[in-house]
Structures are given as structure tokens and as C-alpha cells.
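Residue numbers (numbering that gives the first Met the number 0): 0 to 105.
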Amino acid sequence: MSTSMIPLIALGSAGLYSVAMIAMKFWWKLPGVGLGLLIVATLLAGATLELAALRDERLGIIYTGILGAEVVLIAIASFFLFGENFSYREAAGIGLVILGTALAWA
Numbered sequence: 000m001s002t003s004m005i006p007l008i009a010l011g012s013a014g015l016y017s018v019a020m021i022a023m024k025f026w027w028k029l030p031g032v033g034l035g036l037l038i039v040a041t042l043l044a045g046a047t048l049e050l051a052a053l054r055d056e057r058l059g060i061i062y063t064g065i066l067g068a069e070v071v072l073i074a075i076a077s078f079f080l081f082g083e084n085f086s087y088r089e090a091a092g093i094g095l096v097i098l099g100t101a102l103a104w105a
């Protein structure tokens, strides 16, 4: 696998983990087999991509990249899908996560 693909694979993993988390948030409103299968499938697919990324990269880098991307994706989803707002402190924390992830991947 090309090293240049690793960030995209990590981002894909983060996206799938984020979809699973969003589906978990909906669980209490509309639980069901379909939603349960979506959660399981996205977690398994996310883990599969994470395993692929870990094949050629250090654990700390992949972990930082996936978690950093998840923070941003979940923040976007929580704002647009659930109408959640962020305090200045929370927004600063998201910014620090972005900065830290960028530093780790630079």
C-alpha cells in the first residue's frame, strides 16, 4: 500500500467510526435491527481500515489521526444534526485537537 494513502485510510476509518457514533445517538429514538446492523457494520469497516493503516504506520500516528478527525466530524455532526452548540472552551478544545493532529502528522 502506498504511504500517501494512509491519511485517506485513517480519515475513512474516522468517518466510519463517526457514523457509528451518530447512529448510536439515534438508537434511543428509533432502535431496531437495521440501526443495530449499521452500527456493527460501520464499526467493523472502520476497524478494518484502521488495521490497514496500522500495517505501514506507527500506532501513535494512526491513533492521533483517527481520533483527531473523529473530534472534528462529530463536532460538525452534533452541530448540524442535533443542534448542539459549543462553549468557547469547547471550541478552543476542538481547535487544539486540530492543531495537535496537524503537528503529529507534519
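Ideal placement from N, C-alpha and C gives every residue a C-beta, glycine not left out.
Note that the coordinates shown come from a computational prediction; the quantities given were computed from them, not determined experimentally.
Secondary structure of residue i, DSSP reduced to three states
i          : result
residue 30 : coil
residue 54 : helix
residue 82 : coil
Endpoints, the alpha helix (DSSP H) within which residue i is located
i           : result
residue 17  : 5-25
residue 103 : 87-104
Residue i Cβ short of 6 Å to the ligand MN heavy atom set
i          : result
residue 43 : This structure lacks the ligand MN; in fact it carries no ligand of any kind.
Buried or exposed (CB count within 10 angstroms, at least 16 for buried), residue i
i          : result
residue 16 : buried
residue 82 : exposed
residue 32 : exposed
- Would you call the region 33-41 and the region 53-69 in contact, with 3 or more CB pairs under 8 Å? Verdict: no, contact absent.
- Query: Would you say the region 50-59 touches the region 71-84, given that touching needs at least three Cβ pairs under 8 Å?
  - Reply: No, they do not touch.
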